Amino acid sequence: MRDADLPWESPAPGTYVVTLPGTHKLSTTLSLRLGNHSLSLNAFVIRHPDENEAAVHRWLLERNLKLYGVGYAVDGLGDIYLTGKLPLAAVTPDELDRLMGSVLEAADGAFNTLLELGFATAIRKEYEWRVARGESTRNLDAFSHLTQPSK
4 MRDADLPWES
14 PAPGTYVVTL
24 PGTHKLSTTL
34 SLRLGNHSLS
44 LNAFVIRHPD
54 ENEAAVHRWL
64 LERNLKLYGV
74 GYAVDGLGDI
84 YLTGKLPLAA
94 VTPDELDRLM
104 GSVLEAADGA
114 FNTLLELGFA
124 TAIRKEYEWR
134 VARGESTRNL
144 DAFSHLTQPS
154 K
């Protein structure tokens with residue numbers, strides 16, 4: 004962890020929390036837990052989709068086929084996470100780096116697509132609310148195809 008040059012903490016023995024910087028998603032918090040025989044990884048991606056839940060889940064399942072070392076999962080509330088587990092014998096600095104890269108790509112790289120699929124109506128409403136109040140819409144620029152009329 005020390006060599007990763009990323010902010011991290013150890014809130015309890017055998018538990019580590021790493022903050023992965025993002026481009027689309029501001030950051031992704033990755034929790035790592037050392038067990039007796041394995042290392043478990045867990046990272047929150049997005050909350051339960053407001054709409055198109057089946058399409059979001061299908062997209063996640065198709066994407067799972069391409070991921071390295073982690074997979075998308077849904078908790079009891081419908082929130083979406085990335086999870087993974089590997090044997091302690093496989094834990095090396097290079098493997099940790101590879102897994103953190105996989106988590107970052109799967110959380111940050113998929114973020115806008117997941118928002119478009121699961122929150123398009125909320126994005127449009129947020130845009131309209133901001134415009135009506137003269138607020139900045141800059142952080143919604145990536146979704147202009149959802150908020151601007153077709154030409």
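Residues in the sequence shown are numbered from 4 upward in steps of one, following this note's numbering.
We treat Cβ as the ideally placed atom computed from N, Cα and C, and that holds for glycine.
All values reported here derive from a predicted model rather than from experimental measurement.
Cutting at 7 Å between CB atoms, please list the residues of its own chain near residue i, excluding the five before and the five after it.
{"i": "residue 31", "result": "23, 25, 46, 106, 107, 110 and 111"}
{"i": "residue 76", "result": "84 and 86"}
Please look up how many angstroms separate the CB atoms of residue i and residue j, rounded, as I've assumed it's under 8 Å.
{"i": "residue 49", "j": "residue 121", "result": "7 Å"}
{"i": "residue 130", "j": "residue 140", "result": "6 Å"}
{"i": "residue 143", "j": "residue 123", "result": "With a Cβ gap of about 12 Å, residue 143 and residue 123 do not count as contacting."}
{"i": "residue 44", "j": "residue 80", "result": "In fact, because the Cβ distance is near 20 Å, the residues do not count as touching under 8 Å."}
In angstroms, rounded to a whole number, what distance separates the CA positions of residue i and residue j?
{"i": "residue 89", "j": "residue 82", "result": "23 Å"}
{"i": "residue 70", "j": "residue 132", "result": "37 Å"}
{"i": "residue 42", "j": "residue 64", "result": "23 Å"}
{"i": "residue 37", "j": "residue 72", "result": "16 Å"}
{"i": "residue 78", "j": "residue 151", "result": "34 Å"}
{"i": "residue 67", "j": "residue 74", "result": "5 Å"}
{"i": "residue 55", "j": "residue 61", "result": "10 Å"}
{"i": "residue 28", "j": "residue 118", "result": "10 Å"}
{"i": "residue 58", "j": "residue 40", "result": "36 Å"}
{"i": "residue 99", "j": "residue 113", "result": "21 Å"}
Helix, strand or coil, according to DSSP, for residue i in the structure here?
{"i": "residue 130", "result": "helix"}
{"i": "residue 76", "result": "strand"}
{"i": "residue 26", "result": "coil"}
{"i": "residue 94", "result": "coil"}
{"i": "residue 104", "result": "helix"}
{"i": "residue 139", "result": "coil"}
{"i": "residue 67", "result": "helix"}
{"i": "residue 61", "result": "helix"}
Report all residues from its chain with a CB closer than 8 Å to the CB of residue i; omit the five preceding and five following residues, and keep chain order.
{"i": "residue 20", "result": "11, 12, 13, 14, 32, 33, 34 and 35"}
{"i": "residue 9", "result": "21, 22, 23, 24 and 103"}
{"i": "residue 17", "result": "36, 37 and 38"}
Excluding the five sequence neighbours on either side, which residues of its own chain have a C-beta within less than 6 Å of the C-beta of residue i, listed in chain order?
{"i": "residue 92", "result": "none"}
{"i": "residue 146", "result": "126"}
{"i": "residue 94", "result": "42"}
In the DSSP output, which residue or residues are listed as bridge partners for residue i?
{"i": "residue 114", "result": "DSSP, once it has assigned bridges, lists no residue as partnering residue 114."}
{"i": "residue 37", "result": "42"}
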